[in-house]
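S.K.: Questions regarding the structure given below will be posed in turn.
There are 2 protein chains.
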Amino acid sequence: MRQFKKGSLEMILLCLIAQGETYGYELLTRLNSGGASVLGYAREGTVYPILYRLQDAGLIRCRMAPSAANGGAKKYYALTERGRETLGELIAFWRAYARCVEDFIGEVPGEETAAWKSSI
Amino acid sequence: MRQFKKGSLEMILLCLIAQGETYGYELLTRLNSGGASVLGYAREGTVYPILYRLQDAGLIRCRMAPSAANGGAKKYYALTERGRETLGELIAFWRAYARCVEDFIGEVPGEETAAWKSSI
DNA sequence: ATTACTATTTAGTAATACTAAGTATAGCGC
DNA sequence: GCGCTATACTTAGTATTACTAAATAGTAAT
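Going down the list, the sequences are from chains A and B.
Quick note, my numbering runs 83 ahead of the 1-based positions in the first sequence.
Quick note, my numbering runs 83 ahead of the 1-based positions in the second sequence.
This is the structure we're talking about:
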C-alpha cells in the first residue's frame, strides 16, 4: 500500500516547513508521529534526499546552526517565496486529484461516494 | 505534479474493471476521458504493464476474444474474488491516506482544512 | 569508554510510471 | 490491391521517487 505515498511526501514536507523553520531530524520525527500508521515509517534515507531536491528546486533555503545542547549541527530549512507559491499550487492540485480519484471510486458497485463529496 | 498519480493508477484501473468486464484499450480511453486533465494523459505503455501486474497478482483474470468487427483481438479482464477484496482494502486505505494528507495540509498557515473534513 | 540520543550523509536497490517505438487486424475509399 | 485510419496489444529503455542499510559525527550521562 505504500505506493500511495509516492509524490505526496514532498508536499507534506513543504507543509511541515511552512509551519516554521525546522530541520531534517525534526521533520523526520514529526512525519512519523503524525500519520506513520497510514503513511508508513519514513527513515533518514527517505527524508533527507527529498530536502536536497527541494533545495535544488529553490523551494526551501537552508541555514546552518552550530551544535546545539544535545546532538550534532543542524541545518534549518525555511520556505522560499517560490516554495510558498509552489506549495499552494501543490495543495490545489492534490485536492483536485483526490476528488478525481474519489470520482472513480464512486462508480464502483458497492462503494458509496464519500459523504463529503455530496456536501461540496 | 504527475507524481501524485503514482500508486493510485492500479486502484483506479481496478475500479474501472469492477464496473464490468472490459479490455485494455477501452480502459485507456475511459481513463483518459475521466480526469485526464488532472491525472495527465495515460498511454499504452502505462496501462498495459499495470494490467499484467494485476493479473500476475491474481487480482484480475483474462479472457481472449477473437477479432471484433473493427480492430484486433481483445483481452477481456474481470476482477477475481481476491481482486474484489483487495480493491475494497485499497479504497479504505486510500481514504485513510487522503485524510492523513489533508491533516498535514490543515496545519499550513493560510490553508483552511477542506470543508468535508469538519463534516465527517 | 561505552552507551544513548541527536543529526546528517550516501550507496545501492526496488517500485512505478513514462517515452517511444513496434506489431497486427479490420474496414473504407480509391 | 493499396494506402489510410482506427482499433488493440507489446515491449525496451529511461526517469522518478522512495526504501534499505549502513556509515559518520557530536554531546552527555553512566
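Every residue gets a Cβ at the ideal spot worked out from N, C-alpha and C, and that includes glycine.
Pull up the distance between the alpha-carbon of residue 144 of chain A and that of residue 171 of chain B, whole angstroms please.
M.R.: Taking the straight line from one Cα to the other gives about 42 Å.
S.K.: Tell me residue 169 of chain A's beta-bridge partners as DSSP assigns them.
M.R.: According to DSSP, residue 169 of chain A shares a beta bridge with no other residue.
S.K.: Residue ranges of each beta strand (DSSP E) run of no fewer than 3 residues wholly in the stretch 99-178 of chain A, ordered along the chain?
M.R.: 143-148 and 157-162
S.K.: Hey, how far is the Cα of residue 185 of chain A from the Cα of residue 162 of chain B?
M.R.: 19 Å
S.K.: In angstroms with no decimal places, state the Cα-to-Cα distance between residue 159 of chain A and residue 87 of chain A.
M.R.: Cα-Cα distance, rounded: 28 Å.
S.K.: Beta carbon of residue 125 of chain A, beta carbon of residue 114 of chain A: below 7 Å?
M.R.: yes
S.K.: Going along chain B, which residues have a C-beta under 7 Å from residue 132 of chain A?
M.R.: Near residue 132 of chain A there are no residues of chain B at all, since even the closest Cβ is about 14 Å away, more than 7 Å.
S.K.: Considering only C-alpha positions, which residue in the set B/99, B/164 and B/182 is nearest to residue 177 of chain A?
M.R.: The shortest C-alpha separation from residue 177 of chain A is found at B/182.
S.K.: By alpha-carbon positions, which one of B/155, B/89, B/180 and B/167 ends up nearest to residue 123 of chain A?
M.R.: B/180
S.K.: Taking the C-alpha atoms as reference points, what is the distance between residue 195 of chain A and residue 149 of chain A?
M.R.: 54 Å
S.K.: Quick check: is the beta carbon of residue 92 of chain B nearer than 7 Å to any beta carbon in chain A?
M.R.: no
S.K.: Whose C-alpha, out of A/155, A/191 and A/93, is nearest the C-alpha of residue 135 of chain A?
M.R.: A/93
S.K.: Give the DSSP-derived three-state secondary structure of residue 89 of chain A in the structure shown.
M.R.: Coil at residue 89 of chain A, not helix or strand.
S.K.: Closer than 6 Å by C-beta to residue 127 of chain A: which residues in its own chain qualify, once you throw out the five before and the five after it? Chain order, please.
M.R.: Excluding positions up to five away in sequence, the list is empty.
S.K.: Within 7 Å of any Cβ in chain B, is that where the Cβ of residue 195 of chain A sits?
M.R.: no
S.K.: Between the Cα of residue 141 of chain A and the Cα atoms of A/167, A/90, A/105 and A/190, which residue gives the shortest distance?
M.R.: A/167
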